[in-house]
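*Asks:* Would you mind keeping the following structure in view while I ask a few things?
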Amino acid sequence: MKLSRRGFLQVAGIAGTAALGLKAKRAAAQSLDERGENECAMLVDTTLCAGCRACEAACAESNGLPAPNEDIDIKSVRRDTAPGAFTVVNGFAGEGHDGADRFAKRQCMHCIEPACASACPVRALDKQPSGPVIYRGERCMGCRYCMVACPFEIPKYQYDQLAPLVRKCTFCAKRQAAGKKPACAEACPTGALMFGKRGALLEMAKGRIYRNPDQYLHHVYGEHEAGGTDWMYVSDVPFQKLNFPAVRDEPYPDKVQGALGAPPFVMTLWPPLLMGLYAFSKRREGKKADEPETTHDAGRGHE
Amino acid sequence: MNSVSLARSRNGEAFPASWFNEKILMGMGGRAYLRSLVTPFNVLVTAILTVGLPLLVHRFTAGLGATTNLSQTQPWGLWIGFDMMTGIVLAAGGFTLSAAVHLFGVHEYHPIVRPAILTAFLGYLMAVCGLLADLGKPWNIIMAIRYQGSASALFEVAWCVMMYTTVLLLEFLLPAFEWLGWRRAHARLTQAMLGLTVLSVVFSTMHQSALGSLFLIAPAKLHPLWYSPYIFIFFFVSALAAGISMVVVEGTLSHRIFRHRLTGTHVDMDQLQLGLGKAGAIVLFAYFFLKLQGVAEGRHWELLFTGWGAWFLLEIVGFVLVPSLLYGYGARYRKVRFVRAGAIVAVVGIVLNRLNVSIIAYNWNRPNHYIPSWKEVMISLTLVTLGVIAFRWIANRMPILAEDPRYAQEH
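Just so you know, the sequences run in chain order A and B. If you count the first sequence from 1, position 71 lands on 106 in the numbering used here, and the numbers rise without skipping. If you count the second sequence from 1, position 399 lands on 407 in the numbering used here, and the numbers rise without skipping.
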C-alpha cells in the first residue's frame, strides 16, 4: 500500500477545502444585529395582566390551533405550552406586592441568538433578522435536538403523529410581515403586552422600573437571559415565583463554538500528521527489512 | 471451498447453483444447512426477532408516542442514548486498530483488524437504524445535505456518521471481494486502503468528540459532574479506550466461537491482548485523570458527597480506574485473564458513561425521570441481535478472521 506524493496532496487538498467551506458557512450564520435593538419585540408587564386569557384564544385562532378550554382555573393548575397551545397564562394567587393575583403568559422567548436554531442541523428553525424564530416543518427531520437545546423548554413535539412536527410560538411572523401586531398583543385588553422595537421597549421597561422603584423588581427578564430575548418581562414578583427558569446570561450557541472550531483543524492537520507517522513507520520498517518477518506476512509464502 | 470457486471464476464458467451452495450454504447443501441452523442460540434469536421486527413496524405505523416513553421534557431516550451513543463508541475499535496497523506500522495486530472493522461497520449500521427509528420524519434525513445547519454539533455528527459509514463499507468490501473472487476490484480497493484509513481517523476523531459536544448546549439539564466544557475531549479519549477494550473482548469471543475458521493461521491471541492491555491501561488512566480535572475545573468537589456524586465515583473509579489497574497488572505480570477482565469492565464503564450523559444524569433535577418503555428496550435488543447474526453470517463465509492467503500482499 503505497501513496504517492500526488495522492497525498490530493487527500490533504480535499480535507482543506472542506474545512474552509464549513468555516465560511459559519461566518455567514452569525451576521445578525448583535444586540437586537431593531428586532421586533414584546414587553410583558405582569403587573398589568388580568389573566383573561384573550391572548390564548387569539393565538389559537390565528395559528389554527384548538380553542383553549375556558373552564380551567389557571390559578390551581400549572400549565405548560403544548403542541396545540403555543401560549399559556398561569395564575399565582395573592403573589403581587399589593396582595393581588399575578399572571404570567408563557411562550417562545424568540432569543436574539436562539439555541434551538443553532442546534438545528437542517436550519428548519431559523432566526429572522426582523426578530421571529421561525420553523419550516417541511425540512425538519424530527431529531428533537432543539428541545434538548432550548433553555426555556419551549419547542414541543407531536409524538402522537406519524409525520410529527415541532410546535412553538411563531411570533405571528406572517402577520408581522403584513405590518400587523402579533395576535396576542392585538387581543390584550389591559396593555400588558406591548409590541415594538426591542431597543425602545427596553428603554420603556427601564423607565417604568425607574419611576416606580418600590413596585417593580429591578430586573428586566429577557434583557440578558440567554444573551437577550425579544420577549421581555417586568414584574413586581420574583420571576422564580412565576415559574420562570433561571437562565444564564451568555448566548447558548457560544457554548458549542469552541468544540465546533475543532473540525477545520482536525481536517487540515490530521491527514498530514498521520501521513507523516505512516512515512516514519515505513522508514523504520525499511531499516529492519533484514530481520525475520512477523505473523501477518505468513500468508505471503503461498503466493 | 474458496479454491474451487476461485478457480471457476477465473475460468469464467461459474455455476449459479453450486456457487450458491459454496458461498451461501457454506458447502453443506440445502438440507444439511437447514439442519445446522437448529441451535439453542438461534431459537433465542428467532424469539427476539419474532417480537422485535413487528414492533419495528409498529413504531412506523403507530408513531413515537405509542412506542416510546419520550416526553416534551425528555426528547431523547434509549434509541439515542444506547443505540446511537453506545453503538458508535463501541465501534471505535475499527479506526483505533486500523490506524495502529496501517498507519503506525504495528503489524502484529494485523490479524484482528478485519473483525474490528466489521464490528465497527455493523455497529454503525445499528446506530443508523436506531436513529431512523428515533427520528420523527426519518425520510427527511437527506435535508442535512441540502440545508446545512453548520452551527449545530448534530450537523457535524450527521455528516461524519454518513462519511465514516461509507468508509467502513469500503473497508469491509475488501474481504467481501476476496469472498466473491473479484480480483480487479480487490486490487483497486487495496490501493485506496491507506487513504481510507486516514479518513477513518479524521472522521472518527471529529464525530466521537462531536457526540459529546451535543450536550454542551444543555448546561442546565445535564448534571454538573458530567457536564463539562471539555466533554468532547472526554468522549474522544474514552472512545479510544472503548476501541481498545472492544478489540480485546471481540478477540476473546470470536476466537472462542469461530475456532473452526482459524485453521492454518497462527495468531498468538494472548500476546496481542497483553499488548492491548498495556495501551488500554495508559489510555484509561489518562481518561480517569481527565475526568478528575473536569471536576476540579468546574469546582464540583462538594458535589462528590451527594448521591449523584456517589454514582459518578462509581463510574470513574469502579469502571475507569479499576479496569485501568486490571489492564496494567495483567500487562505487567503477563496475566492475560486480568486484561480480559479489565476489557469487560471498561466496556461496561463506557456504556455506563454514555447512558449517564444522555439519559440517567440528563434531567437529573426533574421529578419524573424517564424510564424506557418495554417496546423501546425490545427494539434496541432487536437491532443488537441483528448485528450479532450479521457478524456471524459474514464471519462464517468471508475471510474476516483469517485472510484468504491467495490475496495476502503488502499492507
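We treat Cβ as the ideally placed atom computed from N, Cα and C, and that holds for glycine.
Does DSSP put G231 of chain A in a helix, in a strand, or in coil?
*Replies:* Walking along the first sequence from the start, residue 231 of chain A turns up at place 196. Three-state DSSP puts G231 of chain A in a strand.
*Asks:* Under 8 Å, do I56 of chain B and T390 of chain B count as touching if we go by C-beta distance?
*Replies:* Along the second sequence, one-based indexing puts residue 56 of chain B at 48. Along the second sequence, one-based indexing puts residue 390 of chain B at 382. In contact: I56 of chain B and T390 of chain B (Cβ atoms closer than 8 Å).
*Asks:* Identify whether N50 of chain B lies in helix, strand or coil by the three-state DSSP scheme.
*Replies:* Position 42 of the second sequence, counting from 1, holds the residue named residue 50 of chain B. Of the three classes helix, strand and coil, the one that applies to N50 of chain B here is helix, per DSSP.
*Asks:* Once you ignore the five residues that flank L282 of chain B on each side, which residues in its own chain have a CB closer than 8 Å to its CB?
*Replies:* Position 274 of the second sequence, counted from the start, is the residue given in the question as residue 282 of chain B. Contacts found: G338, A339, R342, V344, V347.
*Asks:* In chain B, which residues lie with their C-beta within 9 Å of the C-beta of Q196 of chain A?
*Replies:* Counting from one through the first sequence, the residue named residue 196 of chain A turns up at place 161. Here the neighbours are G71, L72, G73, G144.
*Asks:* Span of the beta strand (DSSP E) holding K140 of chain A?
*Replies:* Counted from its first residue, the first sequence places residue 140 of chain A at position 105. Note, K140 of chain A: beta strand (DSSP E), 137 to 141.
*Asks:* Taking only three categories from DSSP, how would you classify T264 of chain A?
*Replies:* Stepping through the first sequence from its first residue, residue 264 of chain A is reached at position 229. Strand at T264 of chain A.
*Asks:* Below 8 Å CB to CB, which residues in the same chain sit around A422 of chain B once its five sequence neighbours on both sides are set aside?
*Replies:* Residue coverage of chain B in this structure runs from 9 to 419, which leaves residue 422 of chain B outside it and unanswerable.
*Asks:* List the residues that DSSP assigns as beta-bridge partners of K162 of chain A.
*Replies:* On the first sequence, position 127 is the one that residue 162 of chain A refers to. Answer is A:V168.
*Asks:* Closest to D284 of chain A by CA distance: which of A:G86, A:G296, A:V255, A:K276 is it?
*Replies:* Counting from 1 along the first sequence, the entry for residue 284 of chain A is found at position 249. Of the listed residues, the one whose Cα sits closest to D284 of chain A is A:V255.
*Asks:* Can you pull the chain B neighbours of Y170 of chain A, defined as C-beta to C-beta under 9 Å?
*Replies:* The count along the first sequence starts at 1 and reaches residue 170 of chain A at position 135. Chain B residues near Y170 of chain A: none, gap ~13 Å exceeds 9 Å.
*Asks:* Determine the direct distance from the alpha carbon of G119 of chain A to that of P167 of chain A, and round the result to whole angstroms.
*Replies:* Working through the first sequence from its first residue, we reach residue 167 of chain A at position 132. Working through the first sequence from its first residue, we reach residue 119 of chain A at position 84. About 19 Å.
*Asks:* So for N404 of chain B, helix, strand or coil by DSSP?
*Replies:* Working through the second sequence from its first residue, we reach residue 404 of chain B at position 396. Three-state DSSP puts N404 of chain B in coil, outside helix and strand.
*Asks:* At 7 Å on the CB atoms, spell out the chain A contacts of Y155 of chain B, in chain order.
*Replies:* In the second sequence, counting from the first residue as 1, residue 155 of chain B sits at position 147. By Cβ distance, chain A contributes V157, R158, R174.
*Asks:* Evaluate V79 of chain A with the Cβ neighbour count: other Cβ atoms within 10 Å of its Cβ, from every protein chain shown; 16 or more gives buried, anything less gives exposed.
*Replies:* Here residue 79 of chain A refers to the residue found at position 44 when the first sequence is read from its first residue. V79 of chain A comes out buried.
*Asks:* Verify the CB distance criterion: does W234 of chain B have a CB-CB separation below 8 Å to chain A?
*Replies:* Sequence index remark: in the second sequence, residue 234 of chain B carries index 226 (1-based). Chain A contact via Cβ: absent.
*Asks:* Of the residues B:L86, B:F112, B:E411, which one's Cα is nearest the Cα of G311 of chain A?
*Replies:* In the first sequence, the residue the question calls residue 311 of chain A occupies position 276. Cα-wise, what sits closest to G311 of chain A is B:F112.
*Asks:* Using a C-beta cutoff of 8 Å, does M302 of chain A count as contacting chain B?
*Replies:* Start at 1 with the first residue of the first sequence, and residue 302 of chain A comes out as number 267. Yes, M302 of chain A counts as interfacial toward chain B.
*Asks:* Rounded to the nearest angstrom, how far is the Cβ of L86 of chain B from that of P380 of chain B, given a contact under 8 Å?
*Replies:* Here residue 86 of chain B refers to the residue found at position 78 of the second sequence. Here residue 380 of chain B refers to the residue found at position 372 of the second sequence. At roughly 4 Å, the Cβ-Cβ gap stays under 8 Å, so L86 of chain B and P380 of chain B are in contact.
*Asks:* Helix or strand or just coil, what does DSSP make of L100 of chain A?
*Replies:* Locating residue 100 of chain A in the first sequence gives position 65, where the first residue counts as 1. Coil.
*Asks:* Do N125 of chain A and K232 of chain A count as a contact pair if the criterion is CB distance below 8 Å?
*Replies:* Locating residue 232 of chain A in the first sequence gives position 197, where the first residue counts as 1. Locating residue 125 of chain A in the first sequence gives position 90, where the first residue counts as 1. No; because the gap between Cβ atoms is not below 8 Å, this pair is not in contact.
*Asks:* Please list the partners that F185 of chain B has in chain A, where partner means a Cβ-to-Cβ separation under 8 Å.
*Replies:* If you number the second sequence from 1, residue 185 of chain B lands on position 177. Per Cβ cutoff of 8 Å: no residues; F185 of chain B is ~15 Å from chain A at best.
*Asks:* Scan the segment 76 to 88 of chain B for residues whose Cβ lies nearer than 7 Å to a Cβ of chain A and list them as they occur along the chain.
*Replies:* Going along the segment 76 to 88 of chain B in chain order, one finds L78, Q80, T81, P83, W84 with a Cβ nearer than 7 Å to chain A.
*Asks:* Please confirm whether T104 of chain B has its beta-carbon closer than 8 Å to some beta-carbon of chain A.
*Replies:* Here residue 104 of chain B corresponds to residue number 96 of the second sequence, with the count starting at 1. Not closer than 8 Å to any Cβ of chain A, the Cβ of T104 of chain B fails to qualify, so no.
*Asks:* Please classify I241 of chain B as buried or exposed, where buried requires at least 16 neighbouring CB atoms within 10 angstroms.
*Replies:* Here residue 241 of chain B corresponds to residue number 233 of the second sequence, with the count starting at 1. Burial call: buried.
*Asks:* Does the beta carbon of T213 of chain B sit closer than 8 Å to a beta carbon anywhere in chain A?
*Replies:* Position 205 of the second sequence, counted from the start, is the residue given in the question as residue 213 of chain B. Chain A contact via Cβ: present.
*Asks:* Among the residues of its own chain, which have a CB less than 6 Å from the CB of P149 of chain A, if the five just before and after it don't count?
*Replies:* Numbered from its first residue, the first sequence carries residue 149 of chain A at position 114. Around P149 of chain A: K162, V168.
*Asks:* How would you call E411 of chain B, buried or exposed, if buried means at least 16 neighbouring beta carbons within 10 angstroms?
*Replies:* The residue given as residue 411 of chain B occupies position 403 in the second sequence. Its Cβ being crowded by 16 or more others within 10 Å, E411 of chain B is buried.
*Asks:* What number of angstroms, rounded off, separates the C-alpha of F127 of chain A from the C-alpha of G60 of chain B?
*Replies:* One-based indexing of the first sequence puts residue 127 of chain A at position 92. One-based indexing of the second sequence puts residue 60 of chain B at position 52. If I take the Cα positions, the gap works out to 48 Å.
*Asks:* Output, in sequence order along the chain, the residues in the segment 274 to 296 of chain A whose CB is closer than 9 Å to any CB in chain B.
*Replies:* Taking 9 Å as the Cβ-Cβ cut-off against chain B, the residues of the segment 274 to 296 of chain A that qualify are P280, A281, V282, R283, Y287, P288, K290, V291, Q292, G293, A294, L295.
*Asks:* If contact means a Cβ-Cβ distance below 7 Å, which residues of the segment 147 to 174 of chain B contact chain A?
*Replies:* Within the segment 147 to 174 of chain B, the residues whose Cβ lies closer than 7 Å to some Cβ of chain A are N148, I149, M151, A152, Y155, Q156, G157, S158, A159, S160, A161, L162, F163, E164, A166, listed in chain order.
*Asks:* Return yes when the Cβ of V209 of chain B is within less than 8 Å of the Cβ of I352 of chain B, no when it is not.
*Replies:* For the purposes of this step, residue 352 of chain B is taken as the residue at position 344 of the second sequence. For the purposes of this step, residue 209 of chain B is taken as the residue at position 201 of the second sequence. Contact flag unset, no.
*Asks:* R88 of chain A to L304 of chain A, Cα distance in whole Å?
*Replies:* Translated into the one-based positions of the first sequence, residue 88 of chain A becomes position 53. Translated into the one-based positions of the first sequence, residue 304 of chain A becomes position 269. Distance between the alpha carbons of R88 of chain A and L304 of chain A: 58 Å.
*Asks:* Of all Cβ atoms in chain B, is any one closer than 8 Å to the Cβ of A128 of chain A?
*Replies:* As a working note, residue 128 of chain A is residue 93 in the first sequence. False, the Cβ-Cβ gap to chain B never drops below 8 Å.
*Asks:* Taking the Cβ atom as the reference point for each residue, do F315 of chain A and K203 of chain A lie within a distance shorter than 8 Å?
*Replies:* Position 280 of the first sequence, counting from 1, holds the residue named residue 315 of chain A. Position 168 of the first sequence, counting from 1, holds the residue named residue 203 of chain A. Cβ atoms of F315 of chain A and K203 of chain A: not closer than 8 Å.
*Asks:* Taking 7 Å as the cut-off, is the beta-carbon of C175 of chain A closer than that to any non-hydrogen atom of the ligand SAM?
*Replies:* With respect to the ligand SAM, the structure shown offers nothing to examine, as it has no ligands at all.
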